[in-house]
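With numbering that gives the first Met the number 0 as the guide, the letters of the sequence shown map in order to residues 0 to 1037.
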Amino acid sequence: MATAVRAGMKRVDEDKGASHERPPPPKKARIHATANPVKHALLRQYYPEIVSLRHYLISKLPSASRLRRKKIASIGSEEPRSSADFRGDLERQLCHLLDTTVVGLQHSQLPAADDNVRREEWTKFSQRGDESYVTLSGGLSDALFSQAEIVDFVVWLLFSQQGSNTTWPKHLLCDGFRRNATHAATSAIPGLLSMYPNHHVQALKKSPWPELLMLLGKSGESIMIDLLVDGAMFTPIQAGLDNMYQLSGVPLSELSPAQSQLSKALLPGTVPQRPLSDITFVRSRMMYARAALNTRGLVLFGFRHIHVLNRCPLPGMTMLGTVESGIPSKFEDSTRKLLMSGLRRKSGGKDYRRSTQIAQQPPQPTVTFETITDLATPVAHVSAFCQAVLAKLIPDDFWGSGSSRRSNKQLVMTKVHHFVKLRRFESLSLSEVASGLKVTDIGWLAPPGLKSQKTSLTDMNKRLEILNEFLYYVFDSLLIPLLRSNFYVTESSVHRYKLFFFRHDIWRYVAEPAMAELKATMFEEVKLDHARRILENRKLGFSQVRLLPKQISMRPITNLRRRAAPIGNKKMLGLSINSILGPVYSALKLEKELDPSKLGASMFSVPDVYRRLNAFKNSLGDTPGKLYFVKLDVKAAFDTIPQDAVLKLMQDVTTQDRYKLLKHVEIKAGHVGGVHKPTRRWQAVAICEHDKTPFLDRVESQLAPTKRHTIFIDNVMQRSEDRRKLLSLMTTHIEQNLVKLGKKYYRQKNGIPQGSVLSSTLCNYFYADLELQHLSFLSGQDCMLSRLIDDFLLITTDVRKARRFVKVMHKGFPDYGVSISPAKTLVNFEMEIDGGSVARLPDGEKFPYCGTLIDCKTLAIGKDRGHIKDTVTSNGLTVEFGYQSGHNFMRKTLNAFKIQSHIMFYDTVHNSPRTVYSNLFESFTETATKMLAYAKCLGPNQRPAPRMVIRTISKVIDVAWVLLTSKTRRARFPDYRCELSKHQVVWLALHAVRKAVARKQSAYHDVLEWIAREIRKLQFKKEIRDVGMLQTFEDVAS
């Protein structure tokens, strides 16, 4: 049986032989009449129309080309005759290409005149006549040549449309090409020079694209040109979940989701209007502000001198309001003497001067506090202060007349209170502030001659525009500067996202001693002229340090991600220190992949504990015997690493003479439903200089396996870095780390910079060398040594090795700057050192390590929920108060469970069934607790109804079941098993939610009734009614 591909290859010219072809059978539907839209949430935000490549080609073929349309539609519908059938393999490739390739299209249609110009340009470029396409009668060789020429023409055409501009077109096919008229003769494309190989161009010239061009016949060249110029193509990636790779078109990273969505409704030349819900106040501007000081070094409260109300005072602010203000300054002393003498005569000679001096020097109060955050001003007081100031600044007439004046003012002041009490990452939009205001009663918004007339639509829109600008000014230019000038706003290391407002004088009282100690121990001052010369002669800038309140101390936080203006150029921001160090980090990451053994016992995340414990448990067999645990913590690890020693070690770690750096973009969908904008991240990868692996192969094997709903966009530009240059940059970063404190510069004299992108990697390599030199006695099969940065964990069957490890580590290693904190050392056996006993874990309890609990007998893993210091659940939430509150409520609840769904807690092979039941029940309980706390934070009109809560609980159960037992998870982790039934998951979830909701029975009466009904249904299921299983579940739930 002849396939569509064979028919396409045998056919010489469709149009010349169209009269001899038979029409399709009348019983079959017309293939081209069926729409074939592609559903893809992420691409839908960028392109109004998304179709498969097959549907695109069928829609572009002329209406007279019925057989061509039928052939393209039928490709893949017939089975090959044999497994060795070459044409059958080719047809499968074409079918896969047509069905899996997605084409993104804009609604803008090319005018007919421009279309004719494009055809004329193609004729000139190919140097053929109008009939010279000869319908590809030369077979596959001509098709290969024609497809390659089409791709080259598209590159040339895109550069021609760009004009004489020095920049190259923003198109994937143009990457790697540059204009170069002098070398035009040596280039395949006239006037262009290929600087880097373009993988997109190469892929479009290879099979099966030439064969596809043959199938299109006479119109193939025009269709292919339009596809490459106007469309964007995406191909699927097998690794990961729903990942794609952009093959051609304008890079997705250059498009804006909002613009593509609004382009459908706008007329040409119309400026798109941002919805008020997208305009949010930049609350981060009120954080970490420095106090303004007067000439005596005291805090100066009120608006800064640069504020518009201080630079342009109102006329009423300069009028003479008191008698004293009218006294000339040269008579001020004599006036005071006359007043004092008059007072003494009337009071019988009492001396007022002495009492005045006493009143001017009140005794300093003694400040006592248990935690530093106790000194913060309560949020209610801060809100009352801000409302009082704004009420004084803004006249009441601004809010309207009559009864609307009070209601409008009260609404805005309520939003001011809401703005102040928001948590760290919560936001307030202009839409929320303006909602509910009565605009027609605000007199100053009405035109002078139209106050008594009926309001028209255009008039109302203009009033709303002016009012919105005024409201934005109140919050952005009055409220935020007011908070900055009077309070130091910061979070703490204990209370998660809760913000604390310290008066500037109080903050200086607690911060200055901590900063002075920091300067004395970690930094040394650098003269201003010397610091400026250093900064002028290098790319690395300076960092800044802020203090984060802990219980009764301060934790220094160094910001190396902040972009600063270069010396001598304040108009534009330079790269951050971490961005400049990106090539060094990429090179070290490559070295980690080439030789992981140099990292010793290092772990890079908490889930790595599961892999280590699983492998160690399998090596011990069925009868491991008693296990001995040791946990140690290094004091101030980053601040005590010797700089010379770590730099010398890095000389041996870097093995390549040169490193090739590649960049690509990863665009990830916000969440299901596409309400949030996609996230766009540039990623850099270092490879060996002679590595020729194509980017798509690297995506399949290395980048995509752990990604979900991500689109990868390659950048063909490459950069080669010399090893000595990278080491020099690292040396400068470590030895000359400049920090600006106030107006002075300091150099870090000890340790490596905290907050640096290199810090964790340097620490891992350095302590791995310590393990190799001094802890080699732990390399046997009876020991498992793990380390997460500076937290050591040893599990062994030999108590002597455990004791020796504790003794060796407590002695310290001065060459490595290592000293152990005795208060953080923990063992599960009796031991004394230096005459004191080491803290021991009580019998029967699980061993805590980095947020996990490890069973000392079975090595089963649970989550340590007791280490959370902040018991207020709402402090760890980020509530969205805007529109779609019900959708956001469900999404946040689902995310609360997803972050607890790691495989180490639910693996029934590594953990016992009872441990898995307990972990799952606790996860559901924490999820339900966060769900209720989130609902409580919402306003009365936004809180979810009982039906919404029931839907959310049901959705969490479904998502939990899919996550725990999905085939994707088992494919990524072959040893993972979760032998739980759906009914068991539902049973645990319902009991956990009932436990959390039972304390709020009046508000969730309908939810509790629904839970009771569902539990009664489950009692008759086989997995539940077993006496032993039921007793286990009830024990876990209790």
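Note that beta-carbon positions come from the ideal geometry of N, C-alpha and C, so glycine has one too. Note that the coordinates shown come from a computational prediction; the quantities given were computed from them, not determined experimentally.
Q. Alpha carbon to alpha carbon, what distance is there between Leu93 and Leu211?
A. 7 Å
Q) Start and end of the alpha helix (DSSP H) containing Cys1072? A) Outside the displayed span of the chain (0 to 1037) sits residue 1072, for which this structure offers no information.
Q: Classify Ser324 as helix, strand or coil using the three-state DSSP reduction.
A: Any reading at Ser324 must be qualified, since the residue scores a pLDDT of 46, below 50, and its modelled position is unreliable; no value is offered.
(Q) To the nearest angstrom, how far is the alpha carbon of Gly620 from that of Glu829? (A) 26 Å
(Q) Using a 10 Å radius around the Cβ and a threshold of 16 neighbouring Cβ atoms, would you call Cys977 buried or exposed? (A) buried
Q | Cβ shell of Ser428 (< 7 Å), same chain only, five flanking positions each side left out | A | Leu275, Ser276, Ile278, Thr279, Gly881
**Q.** Residue range of the unbroken beta strand (DSSP E) whose run includes Arg746
**A.** 743-747
Q. Helix, strand or coil: which one does DSSP assign to Gln386?
A. helix
Q.
Taking the alpha carbon of Asn827 as the reference point, which residue from Met285, Gly843, Glu431 has its own alpha carbon closest?
A. Gly843
Q: Please confirm whether Phe300 and Ser552 have their CB atoms less than 8 Å apart.
A: no
Q) With a CB to CB cut of under 7 Å and the five nearest residues on each side skipped, what residues in its chain are close to Glu1022? A) Ser980, His982, Gln983, Met1028
Q: Give the straight-line distance between the Cα atoms of Gln883 and Asp458, rounded to the nearest whole angstrom.
A: 29 Å
**Q.** Candidates Met903, Gly861, Ile902, Leu931, of which the one nearest Lys891 by Cα
**A.** Leu931
Q: Can you tell me which of Ala383, Leu444, Leu374 puts its alpha carbon nearest to the alpha carbon of Asp396?
A: Leu444
**Q.** Rounded Cβ spacing between Met889 and Asn749 (contact assumed at less than 8 Å)
**A.** In fact, because the Cβ distance is near 50 Å, the residues do not count as touching under 8 Å.
(Q) I need the straight-line Cα distance from Phe896 to Leu192, nearest angstrom please. (A) 53 Å
Q: Give the C-beta separation of Val652 and Tyr764 to the nearest angstrom, bearing in mind that I take them to be a contact with Cβ-Cβ under 8 Å.
A: 6 Å
Q: Look up Lys862 in the DSSP assignment and say whether it is helix, strand or coil.
A: strand
**Q.** Distance between His503 and Lys391 (C-alpha atoms, nearest Å)
**A.** 22 Å
Q) What is the DSSP secondary structure of Leu852, reduced to helix, strand or coil? A) strand
Q: List in chain order: all unbroken alpha helix (DSSP H) runs of 4+ residues lying wholly within the region 506-573.
A: 527-535
Q. Looking at the unbroken alpha helix (DSSP H) that takes in Ser218, where does it start and where does it end?
A. Looking at the DSSP string, Ser218 is not in any alpha helix (DSSP H), and its letter there is neither H nor E.
Q.
Does Tyr658 come out as helix, strand or coil in the three-state DSSP assignment?
A. strand
Q.
Only counting the same chain, and skipping five residues up and downstream in sequence, which positions put a Cβ closer than 8 Å to that of Leu774?
A. Leu784, Phe804, Val807
Q | Inside the region 730-801 only - beta strand (DSSP E) runs reaching at least 3 residues | A | 737-740, 743-747, 782-787, 790-795
(Q) For Arg718 and Asp656, which I take to be in contact (beta-carbon distance under 8 Å), what is that distance rounded to the nearest angstrom? (A) That pair is no contact at about 15 Å.
Q.
Please report the distance separating the alpha-carbon of Leu52 from that of Arg91.
A. 15 Å
Q) Would you report the Cα separation of Ser758 and Ser382, rounded to the nearest angstrom? A) 40 Å
Q. Would Gly754 pass as a contact of Ile952 if the rule is Cβ separation under 8 Å?
A. no
Q) Which of the three DSSP states, helix, strand or coil, is assigned to His663? A) strand
Q: Compare the Cα-Cα distances from Ser402 to each of Val378, Leu1007, Lys437 and report the closest residue.
A: Lys437
Q: Round the Cβ separation of Ala685 and Ser585 to the nearest angstrom and send it over; I've been treating them as touching at under 8 Å.
A: 4 Å
Q) Buried or exposed: Asn940, going by 16 or more other Cβ atoms within 10 Å of its Cβ? A) exposed
(Q) Less than 8 Å between the beta carbons of Thr234 and Leu246, yes or no? (A) yes
Q.
Can you tell me whether Gly1114 is buried or exposed? The criterion is at least 16 other CB atoms within 10 Å of its CB, across all chains shown.
A. With the chain covering 0 to 1037 only, the question about residue 1114 has no answer from this structure.
Q: Look up Pro189 in the DSSP assignment and say whether it is helix, strand or coil.
A: coil
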